[in-house]
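Report on one structure; see the data block that follows.
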Amino acid sequence: MTLSFLKSRELVLGVAILALLLAIASRFPAFIEPANLAKVFNDTAPLIILALGQMAVILTRCIDLSVAANLALTGMVVAMLNTLYPGLPIPVILMVSILLGAVMGLANGLLVWKLDIPPIVVTLGTMTVYRGIIFLISDGAWINAHEMSESFKAFPRAVFLGLPVLSWIAIVAVTGFAVLIGRTALGRAFYAVGGNPHAAVYTGINVGQTQCAAFVLSGALAGLTGYLWVARYAVAYVDIAGGFELEVVAACVIGGISIAGGIGSVGGALLGALFLGIVKNALPVINISPFWQLAISGSAIIVAVAFNATSTRSKGRVILKKAEHAQ
Amino acid sequence: MLANTQGIGNVHPSVTNDQKPVLSLKGISKSFPGVKALSEVSLDLYPGQVTALVGENGAGKSTIVKVLTGIYQPDEGEISISGSSVSFPTAQDAGKAGVTAIHQETVLFDDLSVAENIFIGHAPKSRFGLIDKTAMVRQAKELLARIGARIDPSVLLKELGIANKHLVAIARALSIDASIVIMDEPTASLSHKEIEETYELVERLKAEGKAILFISHKFDEIFRIADRYTVFRDGQMVGAGKIAEVSEPDLVRLMVGRSVDQVFPKRTPELGPEVLRVVGYSHPTEFEDIGFTLRRGEILGFYGLVGAGRSEFMQALFGITRPSKGAIRIDDTVAVIRTPNEAISHGIVYVPEDRGKQGAIKGLPIFQNVSLPSLKSTSRNGFLRLAEEFKLTRDYTRRLDLRAAALDQDIGELSGGNQQKVIIAKWLATQPRVIILDEPTKGIDIGSKAAVHEFMAELAAQGLAVIMVSSEIPEILGMSDRVIVMREGRIAAEFEGDELTPERLVRAAAGLAEAAT
Chain A
15 MTLSFLKSRE LVLGVAILAL LLAIASRFPA FIEPANLAKV FNDTAPLIIL ALGQMAVILT
75 RCIDLSVAAN LALTGMVVAM LNTLYPGLPI PVILMVSILL GAVMGLANGL LVWKLDIPPI
135 VVTLGTMTVY RGIIFLISDG AWINAHEMSE SFKAFPRAVF LGLPVLSWIA IVAVTGFAVL
195 IGRTALGRAF YAVGGNPHAA VYTGINVGQT QCAAFVLSGA LAGLTGYLWV ARYAVAYVDI
255 AGGFELEVVA ACVIGGISIA GGIGSVGGAL LGALFLGIVK NALPVINISP FWQLAISGSA
315 IIVAVAFNAT STRSKGRVIL KKAEHAQ
Chain B
2 MLANTQGIGN VHPSVTNDQK PVLSLKGISK SFPGVKALSE VSLDLYPGQV TALVGENGAG
62 KSTIVKVLTG IYQPDEGEIS ISGSSVSFPT AQDAGKAGVT AIHQETVLFD DLSVAENIFI
122 GHAPKSRFGL IDKTAMVRQA KELLARIGAR IDPSVLLKEL GIANKHLVAI ARALSIDASI
182 VIMDEPTASL SHKEIEETYE LVERLKAEGK AILFISHKFD EIFRIADRYT VFRDGQMVGA
242 GKIAEVSEPD LVRLMVGRSV DQVFPKRTPE LGPEVLRVVG YSHPTEFEDI GFTLRRGEIL
302 GFYGLVGAGR SEFMQALFGI TRPSKGAIRI DDTVAVIRTP NEAISHGIVY VPEDRGKQGA
362 IKGLPIFQNV SLPSLKSTSR NGFLRLAEEF KLTRDYTRRL DLRAAALDQD IGELSGGNQQ
422 KVIIAKWLAT QPRVIILDEP TKGIDIGSKA AVHEFMAELA AQGLAVIMVS SEIPEILGMS
482 DRVIVMREGR IAAEFEGDEL TPERLVRAAA GLAEAAT
């Protein structure tokens, strides 16, 4: 039986993460103390949750650049709801954020499915639109900690069985996704659509619909993260999580999710996000300017893509290809 | 038609010619894993003459074109131009040596202008090393005028029809001073008038002293414009000579061969009740008025030339495209098929022609490829059960004698023949009533071919109705109980029993009248 977790890509990445941790620990042993690792994980939780949704989208040969804008808009909406109706219970807030995020994902998905617009164009567009809407509804104003209710802010930080709720949500999302991807027909369809959309059509799979479903998932997770983000940092404004979509895509790529679609695993997305999270948290500890983080993430992406490209290059390629290379 | 009574069955080219060939291939062989595409073939092209290359699909015609244009490297043999030996390690080398090919689907750039297309790679330069656009347009105009084409050199290529695109390709050939022009079925998708214009053009090229290799399935045009012929069959050259010395029946005979050397399973078909009836199926552009019936246990062959509309019809039958008119009855009940899903739920499944593109989902393991359309039956409460998927896969791939290291191996790692078995297994696992196999053994090795044939016979014996689209005459004859020949989107003929002869099929497909052979 296949244990996707043990496939070489994930194994290599796992080893790389361990090596990274050991290297940091050799100079700053405190970094690998369980309490600190738990903190790093909690810090990385939003990235993990978004990477899962992005993974589904990338598996179907699409990309969702609107996740960070979706997150910010949902965060602003629920923060405003909270200021207007401070008594609104948390489950309602969660429902609203998930639904609102899903609707924004659906908008992406429908544009890709029904109008056949390339996903990168659609989500670049909606990314800007969603950010613009935040400005419109907030007039560019911030919603600060004192305007939010205590329960609103406390939920992601509440500690349950030794871990904050934010971490638990990431764990639940990873588990849920592992089941969805590995054990449902929809998950299988993601792979089929990305692996060979033509063949998927011939197998009776509706390619556009499947891609749309991936966008809805990605949007729903972005919406959920929107509330968690705003509550955790206790602030909402137009530019929160600016540029975060690229970090999310980076986590997927580092995790071995093929931009060409059809290849990738939940384990890979998780490890890719963790890798970035560890780098981000370790740099201040070892006293390196956070600006290096960009260079390091960038290099990690290139190394990961190069590694994936060499490991998946098959031996018996078409002769024509060889002839083309020979030129 | 020209008549000639000499037996030419195995005559070697009796070149009683004054001229020397400008291009000569000797003993060219080319193998691909599992297939010998060319086996010691020879081919000569003469300046100012048209040599027709004829042969069934899979005879090696496109392989030889690729050898000539530097896309494939021959394993053995010699290419010589004007008597001196050459080799074409890349397509550019072939171009420099004066060989140019005009393909059925021209390889040009849609978003560049006609002039740019003609001169790409060798545009006239100004003093500063930049492209001299004025000179380019002027020269393009001259070249187009030379071939009698009325095309504005500054329009974008995508605004032209296929016929004019061919003309641009030919102008390009002239611009690089090609001495050898390969035309691969240049008239396949042209209208009557455009075809006439193409013939005129060929005459002009002849007059300019070009050596032309003309690949065609149409006998009327071969006899009209060719000076010589070369026949390929199963990767071998089986005849060559002057057109004036050969008759049409002889050429057909050379093409199809006498012996069917493959062994096909013996069948005693037991036909059950009618399972599928198609009436007046039409499509705006691809096919018209297709109607037939199919019974349980029957293998119905669809034969025709490439572009006859067979695959397009099958795609409509499977719900990939929608017909403009027509009806289907399944088990004597009217059925409407608008999507592949509806086809599958009616028990009609389709194993497409292009395995790589339409069949195998690379990156997914074998068992997930097989279970993909059957996930409803293998899952419980919406959750997939991998063990069930494995079991299903094991059951069906075993029957097909699949050779794979493990069922969770990536399908992309399998040979073509084994990929085909996985795809057939995938569809059988849905327990269909009608299975459409489009070129089921194209490009797969002999061993796998036999296994696929064997299995097809077994399926029919179990009461499955099989539609087999094939361009290989031996396969069509060896497997089918009945054959429908399509030509230009219509049913040209239907044969069964003793009527099934290679000559009849070729004639019906090419649109020739029944001959007294």
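These protein sequence lines are chains A and B, in that order. Under the working numbering, the residues of the first sequence are numbered 15 to 341, in order. Under the working numbering, the residues of the second sequence are numbered 2 to 518, in order. The beta-carbon is built from N, C-alpha and C at its ideal position, and this holds for glycine as well.
| Asked | Found |
| --- | --- |
| Closer than 6 Å to a non-hydrogen atom of the ligand COA - does that hold for the CB of A:E261? | This structure lacks the ligand COA; in fact it carries no ligand of any kind. |
| What residue ranges within the segment 112-136 of chain B form continuous alpha helix (DSSP H) runs of no fewer than 4 residues, ordered along the chain? | 115-120 |
| Taking one C-beta from the segment 17-31 of chain B and one from the segment 70-88 of chain B each time, how about it: are there three or more such pairs within less than 8 Å? | yes |
| For A:I46 and A:L35, which I take to be in contact (beta-carbon distance under 8 Å), what is that distance rounded to the nearest angstrom? | 6 Å |
| At a Cβ threshold of 7 Å, is B:G360 touching chain A? | yes |
| From the DSSP secondary-structure annotation, give me the bridge partner or partners of B:E497. | B:R483 |
| Tell me, please, whether the CB atom of B:P324 is closer than 7 Å to any CB atom in chain A? | no |
| Would DSSP call B:R491 helix, strand or coil? | strand |
| Where does B:F110 land, buried or exposed, given buried means 16+ other C-beta within 10 angstroms? | exposed |
| Determine the direct distance from the alpha carbon of A:L297 to that of A:Q307, and round the result to whole angstroms. | 7 Å |
| B:I169: buried (16+ other C-beta within 10 angstroms of its C-beta) or exposed? | Correcting the residue identity first, residue 169 of chain B is Val in this sequence and not Ile. The residue is buried, with at least 16 neighbouring Cβ atoms inside 10 Å. |
| Does the separation of the CB atoms of B:V279 and B:G292 fall below 7 Å? | yes |
| With a threshold of 16 other CB atoms inside 10 Å of the CB of A:N301, please say whether the residue is buried or exposed. | exposed |
| Which chain A residues are close to B:K363, counting only those with a beta carbon under 8 Å from its beta carbon? | G209, N210 and G276 |
| At which residue ranges does the segment 235-322 of chain B contain complete alpha helix (DSSP H) runs of 4 or more residues, listed in the order of the chain? | 249-257 and 311-318 |
| So A:A214 contacts chain B; which residues on that side make the cut at Cβ distance below 9 Å? | I362 and L373 |
| Are the Cβ atoms of B:K363 and A:G209 separated by less than 7 Å? | yes |
| So B:Q410 contacts chain A; which residues on that side make the cut at Cβ distance below 9 Å? | The contacting residues do not exist; B:Q410 stays about 10 Å from chain A at best. |
| Please check if any C-beta of chain B sits within less than 7 Å of the C-beta of A:R197. | yes |
| Excluding the five sequence neighbours on either side, which residues of its own chain have a C-beta within less than 7 Å of the C-beta of B:R147, listed in chain order? | L175 |
| Is A:I271 helix, strand or coil when you go by DSSP? | coil |
| Go to B:A212, then tell me how far its beta strand (DSSP E) extends in each direction, as first and last residue. | A212 to I216 |
| Distance, Cα to Cα, B:K166 vs B:L158? | 7 Å |
| Between B:K523 and B:T52, which are expected to be in contact by the criterion C-beta below 8 Å, what is the C-beta distance as a whole number of angstroms? | As displayed, chain B neither begins before 2 nor continues past 518, which places residue 523 of chain B out of reach and without an answer. |
| List the whole-angstrom C-beta distance separating B:G96 from B:I183, where the pair is believed to meet the contact cut-off of C-beta under 8 Å. | Contact doesn't hold; Cβ gap of about 12 Å is too wide. |
| Return helix, strand or coil for A:M162, following the three-state DSSP convention. | coil |
| Mind checking B:K326: buried by the 16 CB within 10 Å criterion, or exposed? | exposed |
| With 7 Å set as the bound, which would you pick, yes or no: does the beta-carbon of A:Y251 sit closer than that to a beta-carbon of chain B? | no |
| If I measure Cβ to Cβ from B:S260 and keep anything under 6 Å in the same chain, skipping five residues before and after, which residues do I get? | In this predicted model, B:S260 has a pLDDT of only 47, less than 50, meaning its place in the structure is not dependable; the value taken from the coordinates is given anyway. So the list is empty, once near-sequence residues are dropped. |
| Would you mind sorting A:M109 into buried or exposed? The rule is 16 or more other CB atoms within 10 Å of its CB. | exposed |
| Starting from B:L403, trace the beta strand (DSSP E) in both directions and tell me its first and last residue. | From DSSP, B:L403 is part of no beta strand (DSSP E); its letter is neither H nor E. |
| When DSSP labels each residue in this structure, what does A:V26 get in the three-state scheme? | helix |
| For B:Y282, I'd like the list of residues in its chain whose CB is within less than 6 Å of its CB, leaving aside the five on either flank, ordered along the chain. | I291, P324 and G327 |
| Under 6 Å Cβ to Cβ from B:T188, same chain only, skipping five residues before and after it: list those, please. | I196 and T199 |
| Do A:A199 and A:V81 have their C-beta atoms closer together than 7 Å? | no |
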